[in-house]
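**Student:** Heads up, the sequence shown is in the UniProt record's numbering, so the first residue is 1 and it goes up one at a time.
Cβ atoms here follow ideal geometry from the backbone N, Cα and C, with glycine treated the same way.
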Amino acid sequence: MDGFANEFFAQVDSKNLEINDLERLPKAIRSRVLRLAIYQAGAPSGSLTAEHIEAAEGLISNWHGQKEVSLPGNVKLLRNSGRIVLSANT
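1. Can you list, in chain order, the residues of its chain with a C-beta nearer than 8 Å to that of Lys27? Leave out the 5 residues immediately preceding and following it.
2. For His52, which residues in the same chain have their Cβ closer than 6 Å to its Cβ, ignoring the five residues on either side in sequence?
3. Whose C-alpha, out of Ala37, Glu54, Arg83 and Gly65, is nearest the C-alpha of Gly73?
4. Does Arg79 pass the burial test, meaning 16 or more other C-beta atoms within 10 Å, or should it be called exposed?
5. For the beta strand (DSSP E) holding Arg35, just list the boundary residues, first then last.
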């Protein structure tokens, strides 16, 4: 599964992930893609928990207008115009 996630991740804009593309992925692969994107955005290695990934996943699979998700390393995820937008305040 890591290989599929890495292959998908290599083909996308890691700071603007298309929700339609993410929704087509099995949850296990989508979670790995989200983890890769969050680490690339600046979260410290090893800092993400299952709860962090579930909060990020909620922006895709359980969207009900929630605000941004704050993660370690000052990484923020926001759903905007059909995308998951990642940013880091350094």
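**Tutor:** Working from what's here:
1. The sequence position of residue 27 within the sequence shown is 27, counting from 1. Once the five neighbours on either side are set aside, the close Cβ partners of Lys27 are Glu57 and Ser61.
2. Start at 1 with the first residue of the sequence shown, and residue 52 comes out as number 52. Excluding residues within five positions, the ones whose Cβ falls inside 6 Å are Leu71.
3. Sequence index remark: in the sequence shown, residue 73 carries index 73 (1-based). Nearest of Ala37, Glu54, Arg83 and Gly65 to Gly73, Cα basis: Ala37.
4. Indexing the sequence shown from 1 puts residue 79 at position 79. It is buried - the Cβ of Arg79 has at least 16 other Cβ atoms within 10 Å.
5. Residue 35 sits at position 35 when you count from the first residue of the sequence shown. Here Arg35 belongs to no beta strand (DSSP E); instead the alpha helix (DSSP H) covers Lys27 to Ala41.
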